[in-house]
Amino acid sequence: ETLEFPGATLLAGLFDIHTHTNMPGDGRTGEQMNLDDNDEVRLLRSAKNVTAAVASGVTTMCDCGSWNRTGFALKEGLAEGLVEGPRVLVSGPPLTVTGGHLYYMGGEADGVAEVRKMVRNLVKQGADFIKIAASGGSTSTSDPYRAAYSLTELTAIVDEAHNRGRSVLAHCRCTDAINAALDAGVDAILHCSFYDNNGLYRFDQKTADRLAASEVFLNPTMGLGRANRNRLLGLKSERGLTADEEERLERSTVSGDNSLAQFSALVKAGVKLVGGSDCGWSYYPFGDFQGEVMSLHEAGLSRIDAIHAGTRSPALALGIGSSIGTVEAGKEADLLVVNGDPTNDLEHLRDVAAVFKGGAIVASAKERLALG
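If you read the sequence shown in my numbering, its first letter stands for residue 2, the second for the next number, and so on.
This is the structure we're talking about:
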């Protein structure tokens, strides 16, 4: 069969290295969802989210933190054809200190013996990679501005994971955590925010130099912040904002400006950026990983390099670049066809003409909408 797409561009299917399939992307926090849902509902939501992802052109994605066994159950359901979605690599519950970021997902482990055992247990259950909460985050019992694990603990996690052929992705919301993750030898750093222990943003040249000299991939997650700001700006034009919303918009704008300046400087220094939306979190629903790719271009990557960051680079970070991430003979036929030329305008990535996973065509979001 010959398929023709006049005026379109063929590229590798998109690869989102950072998602949370249990999460709704409607602004509810992880702590709220921990109280509101049970694992059965979380698994059903994951099924809905991965279908939205593949329909938008994402043919591979990483689930970087889900409750208990839900991520592993999703992976099994996809393998059995019970759910339509991308290739999903799962970490299971992230490793976190007692009361640390995402502790409610079930990955609390303290001390060298416990973290080694947790890595082994996750691999036994089917973890494709290991996720570490190397700093706190939005979880109220955690501190985003301090490293969570000691270097000894982090090194044990990385050693145990690498010994079992698993890459390690580290959530780092502060400079101390970034440096600890680099010392431990992680494969990718998520967020990679330059905040000091007092919560003040400070560009750290020494850390920037270390990142540029390393082989570590950085995932800025700037698209999520932009999605939040766009939502608030839309509300502002519709009805005006409450005082709380105005404060959130101001904080998000300052944070976004800091991130853009930081990653623009890091791009000039030669770091390796990788696309990861963090979708499901905050107000970033599944189905627009393209927004994160565009944010990487805004930070200074060329359009083609931004596309590579959303296709080839995640595969390299996860050690599976030999089978996916580029359009080459012998690789999986995970393909995306978009109308127009995204190397001229990345907005064309949203104009999906066709999606193929393993050579089989998948209905796009537009086709599903037309069918009702």
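Glycine included, every Cβ here is placed at the ideal spot set by N, Cα and C.
If we ignore side chains and look at the alpha-carbon of each, how far apart do residue i and residue j end up?
i	j	result
G137	G31	13 Å
C175	S314	24 Å
T312	S260	22 Å
E293	D306	13 Å
A316	A13	11 Å
R88	A244	42 Å
S256	N220	16 Å
Q263	A114	36 Å
L83	P343	33 Å
G331	G360	12 Å
N345	V268	20 Å
L75	D188	24 Å
D289	E299	16 Å
G108	S324	30 Å
T142	F218	28 Å
E368	A310	27 Å
M295	L347	6 Å
I131	E2	41 Å
A266	T140	29 Å
A54	S365	10 Å
D17	T60	9 Å
A80	D177	39 Å
F287	D205	33 Å
E251	G226	12 Å
G322	E246	42 Å
T327	E333	9 Å
S194	I179	8 Å
E216	R304	22 Å
Since I believe residue j is in contact with residue i (beta carbons under 8 Å), could you give me their beta-carbon distance rounded to a whole number of angstroms?
i	j	result
M106	S67	7 Å
E161	V98	Not really, about 16 Å apart at Cβ, beyond 8 Å.
A110	L152	16 Å between Cβ atoms; not a contact.
L297	L274	6 Å
V339	A9	6 Å
A181	A135	6 Å
L350	L11	Not quite, the Cβ-Cβ distance comes to about 13 Å (not below 8 Å), so this is no contact.
R230	T254	6 Å
So for residue i, helix, strand or coil by DSSP?
i	result
V169	strand
H19	strand
R70	coil
T61	strand
F195	coil
F264	helix
T208	helix
T327	coil
T243	coil
E2	coil
N220	strand
I305	helix
E109	strand
N340	strand
A157	helix
V255	helix
V124	helix
S365	coil
A300	coil
T10	strand
T176	helix
A189	strand
Cα-Cα, which of the options is closest to residue i?
i	options	result
S47	R351, G86, S57, S92	G86
I158	H192, C193, P95, S215	P95
Y285	I308, V187, L242, T222	T222
H163	R203, G360, A9, L319	L319
R117	L155, T140, Q126	L155
P7	A355, I362, R165, S168	A355
H102	D64, H172, A128	H172
V124	G58, R252, R70, F218	R70
G224	G277, E333, F195	G277
L191	L11, C65, N50	C65
E41	I18, F16, F73	F73
L370	S57, F16, R230	S57
C63	S92, G271, S215	S92
S168	K358, D258, I133, L45	I133
T22	H349, D37, L44	L44
L170	L233, G112, R227, H19	H19
Q291	R249, L11, A228, A128	A228
G166	L183, C193, R203, A128	A128
F272	D258, F357, G301	This sequence places Val at residue 272; Phe is not what is there. The shortest Cα separation from V272 among D258, F357, G301 belongs to G301.
Y150	N50, L183, T254	L183
Are the C-beta atoms of residue i and some chain B residue less than 9 Å apart?
i	result
K269	Going by chain labels, chain B is absent from the structure shown, which holds only one protein chain.
Next item on the list: Tell me, please, whether the stretch 22-29 touches the stretch 275-293 by the rule of three or more beta-carbon pairs shorter than 8 Å.
Entry: Enough Cβ pairs lie closer than 8 Å, so yes.
Notebook entry, point to check: Between the stretch 237-248 and the stretch 194-211, do at least 3 Cβ pairs fall closer than 8 Å?
Noted result: In short, these stretches do not touch, since the Cβ pair count stays below three.
Notebook entry, point to check: Is it true that the stretch 192-202 meets the stretch 141-160, where meeting means three or more beta-carbon pairs spaced less than 8 Å apart?
Noted result: The stretch 192-202 is in contact with the stretch 141-160.
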